[in-house]
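Only one structure is covered here, and it is reproduced in the block below.
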Amino acid sequence: MNKQYLRMNNLSFEYPDGYKALSDINLELSKGERLGVLGPNGAGKTTLILHLNGILGELKGDINLNDISYTEENISKIRKSVGLVFQDPDDQLFMPTVLEDVMFGPKNFGFNDMQVQENSIKALEQVKMIEYIDKPPHHLSFGQKRKVAIASVLASEPELLVLDEPSSNLDPASRRELIDILKNLEVSIILVTHDLPMALEICSRSIILNNGKITADSETYKILKDEKTMSDNRLELPFGFALHHLEE
Amino acid sequence: METTHSHHLEIHSDSYLVKTKPEIKIVSFFFIILSIAFLSLENTLTISMQSLIVFGFLKASKLKFSTYLKRLSIDIPFILFALFLPFMSKGDGKVLTSFMNLPIYQTGVNEMITILIKITLCVTLAIILTATTSNIEIIYGLQKLKVSPLLISIFSFAIRYIDVFIDEVKRVRVSMRSRGYDEKGIKSLKPLAFASGALLIRGYERGERVYNSMLSRGFRGTLELKEREFISSNIILFIAIFSITISALDQFIL
Chain A
482 MNKQYLRMNN LSFEYPDGYK ALSDINLELS KGERLGVLGP NGAGKTTLIL
532 HLNGILGELK GDINLNDISY TEENISKIRK SVGLVFQDPD DQLFMPTVLE
582 DVMFGPKNFG FNDMQVQENS IKALEQVKMI EYIDKPPHHL SFGQKRKVAI
632 ASVLASEPEL LVLDEPSSNL DPASRRELID ILKNLEVSII LVTHDLPMAL
682 EICSRSIILN NGKITADSET YKILKDEKTM SDNRLELPFG FALHHLEE
Chain B
32 METTHSHHLE IHSDSYLVKT KPEIKIVSFF FIILSIAFLS LENTLTISMQ
82 SLIVFGFLKA SKLKFSTYLK RLSIDIPFIL FALFLPFMSK GDGKVLTSFM
132 NLPIYQTGVN EMITILIKIT LCVTLAIILT ATTSNIEIIY GLQKLKVSPL
182 LISIFSFAIR YIDVFIDEVK RVRVSMRSRG YDEKGIKSLK PLAFASGALL
232 IRGYERGERV YNSMLSRGFR GTLELKEREF ISSNIILFIA IFSITISALD
282 QFIL
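These protein sequence lines map, in sequence, to chains A and B.
Heads up: the first sequence begins at 482 in this note's numbering, then just goes up one per residue.
Heads up: the second sequence begins at 32 in this note's numbering, then just goes up one per residue.
Here you go:
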């Protein structure tokens, strides 16, 4: 696989209050690859993915997506290519109806009316929410909102889908539906999560971010198996979860 | 996370008014309210005609009378205010009678009746509009009337996030009560002030997160609602013009 699709070189970022959220991040991702981003609370995971969308502004180092560098004039192209699904779907869904929310992205990115309509319907079908098309998003359950939030990003045909804690607050059935949806998507995925079994199921490769630095970059299975790496980074598999059945 | 479903005012009915374009209802009702506001109450014919128009709309809205009366309770503060007028508004000083040694002035009584009639008619129209038009349709109507996109965005965000905010308030209250908070007495105000401050900060932070999520989907300053289908209605516009004519005649001729 070509590892050059997404490149981050010496990426560092400091918040205005002086808190250093990221330091010297070097990362490469190939097209179609699914990468898990693991790590304890406050490790800089959300900051990292906000940078992927060019939202936090000034940073040290550089990011390059498919040979497009993150500059002001490229920001619209970058945002179209990188679909960001936020942790709280209530932050993402603000239009009066589900369909209008899903149409919001493609409209802004200059798709024509027919494409906007077609992409939105297709995205809602992909996440199995087509029957909720005219419902106000705030009347949906949390799991349904999460699916609509994913559709609202898929409708803009992103090449890279970035999800921030997509399984948080979901009941087991909704979590399973979400995993199945993500596994069937033909896009590159960066999955930020504390849900280690989910990362194992979706992403063949993972990194661990701790104190703004990458402390591990390997196959997800190997990372989860390495007890020292796990405990050094405040990670732990759920009680009763066993890896032995996956051993080569 | 719980969601709130309880504050919707629109009534699901097959009324002609429900199917009518919201922009027509907004403009027509606005002008009818204006013409009622400028009506003098010396001519009972004009008052009766305006009342006929308003209660005709109420009948057409198919709103249950009990629901109408319940919603009319929003009138109460105005009624209370109006009840003081006979004692306070002297006008030419003509005293009609007295109550508990307090004089009741003729001008005050007239003003009280004027306010009661006008407020009741205007509030009735507002009730009809909200009962036959959903929040989204009102915003859509305002968009069709070329109201500033910024205002449209503010209205739609307010409607969208009122639920989320109410849920947050509920959660904060529950968590306070679960730790023994009692909402009585002056001592209860301090934690309430802290909780309000926390909610304000949370609201601000959510605003930032919502804006970030909009930026990530290419937001460039305007929200656009999709086209909706309604029937056009010349009758409502005609009634609005008729109402204005009544007021104009009342002001300048009768």
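Beta carbons: idealized from backbone N, C-alpha and C, even for Gly.
Computed from a predicted structure; not experimentally measured.
- Interface residue (Cβ-Cβ distance to chain B less than 8 Å): A/Glu581 is classified as such.
- A/Gln568 carries a coil assignment under DSSP once its states are collapsed to helix, strand and coil.
- Counting only Cβ-Cβ distances below 7 Å, B/Ser187 has contacts in chain A at Pro577, in chain order.
- In the three-state reduction of the DSSP assignment, B/Thr253 falls in the coil class, being assigned neither a helical nor a strand state.
- For A/Ala723, there is no enclosing beta strand (DSSP E), as DSSP marks it with neither H nor E.
- The beta carbon of B/Ile275 sits closer than 7 Å to those of Phe62, Ser66, all from its chain and outside the five residues before and after it, given in chain order.
- Contact residues of the stretch 600-623 of chain A toward chain B are His619, His620, Phe623 (C-beta to C-beta distance below 7 Å).
- Taking 8 Å as the cut-off, the Cβ atoms of A/Asp645 and A/Gln568 count as close.
- The beta carbon of B/Leu147 sits closer than 7 Å to the beta carbons of Ile110, Ala113 from its chain, once the five residues preceding and following it are set aside; these are given in chain order.
- Nearest CB-CB separation between B/Arg233 and chain A: not below the 8 Å threshold.
- Taking CB atoms only, A/Asn522 has no neighbour in chain B less than 8 Å away.
- Short of 6 Å from the beta carbon of A/Pro587, and not among the five residues preceding or following it, lie these beta carbons of its own chain, in chain order: Val597, Asn600, Ala636, Ser637.
- Annotation: A/Ile704 to A/Phe585 spans about 38 Å, alpha carbon to alpha carbon.
- Sequence-ordered contacts of the stretch 232-258 of chain B with chain A read Arg237, Arg240, Val241, Asn243, Ser244, Met245, Leu246, Ser247, Arg248, Gly249, Phe250, Arg251, Leu254, Glu255, Leu256, Lys257 [C-beta pairs closer than 8 Å].
- Taking a contact to require three or more Cβ pairs closer than 8 Å, the stretch 617-628 of chain A and the stretch 542-554 of chain A do not qualify as touching.
- When the five nearest sequence neighbours on each side are left out, the beta carbons in the same chain lying within less than 7 Å of the beta carbon of B/Leu127 are those of Ile135, Tyr136, Gln137, Val140, in order along the chain.
- At a C-beta separation below 8 Å, B/Val195 has these neighbours in chain A: Asp571, His619.
- With respect to B/Ser92, B/Ala162 sits close: the two C-beta atoms are nearer than 8 Å.
- Around the CB of B/Thr253, fewer than 16 other CB atoms lie within 10 Å, so the residue is classed as exposed.
- Contiguous alpha helix (DSSP H) elements confined to the stretch 484-561 of chain A occur at 526-533, taking only those with 4 or more residues.
- Rounded to whole angstroms, the gap between the alpha carbons of B/Leu181 and B/Phe188 is 11 Å.
- At least one CB atom of chain B sits nearer than 8 Å to the CB of A/Lys588.
- A/Asn534 reaches chain B at Asn243, Leu246, Ser247, counting residues in chain order whose Cβ is nearer than 9 Å.
- Counting along the chain, no beta strand (DSSP E) covers A/Ile704; the unbroken alpha helix (DSSP H) around it starts and ends at 701-706.
- Identification of residues in the stretch 145-168 of chain B having a C-beta nearer than 7 Å to some C-beta of chain A yields Ile167, given in sequence order.
- A/Lys561 reaches chain B at Gly249, counting residues in chain order whose Cβ is nearer than 7 Å.
- Around the CB of A/Ser687, 16 or more other CB atoms lie within 10 Å, so the residue is classed as buried.
- At least one C-beta of chain A is nearer than 8 Å to the C-beta of B/Arg191.
- Apart from the 5 residues on each side of it in sequence, B/Pro117 sits with its Cβ closer than 7 Å to the Cβ of Ile135, Tyr136, Gly139, Val140, Met143 in its chain, given in chain order.
- When Cβ pairs closer than 8 Å are counted between the two stretches, the stretch 658-677 of chain A is seen to touch the stretch 505-523 of chain A, the count reaching three or more.
- DSSP places A/Ser655 inside the alpha helix (DSSP H), whose first and last residues are 653-664.
- Here the alpha carbons of B/Ser179 and A/Leu510 stand approximately 44 Å from one another.
- The bridge partners DSSP lists for B/Asn166 come to none.
- Relative to B/Glu258, the option among A/Asp543, A/Lys694, A/Asp594 whose CA is nearest is A/Asp594.
- Beta-bridge pairing by DSSP links A/Ser669 to A/Leu641.
- Taking the beta carbon of A/Leu531 as reference, the chain B residues within 8 Å of it are Asn243, listed in sequence order.
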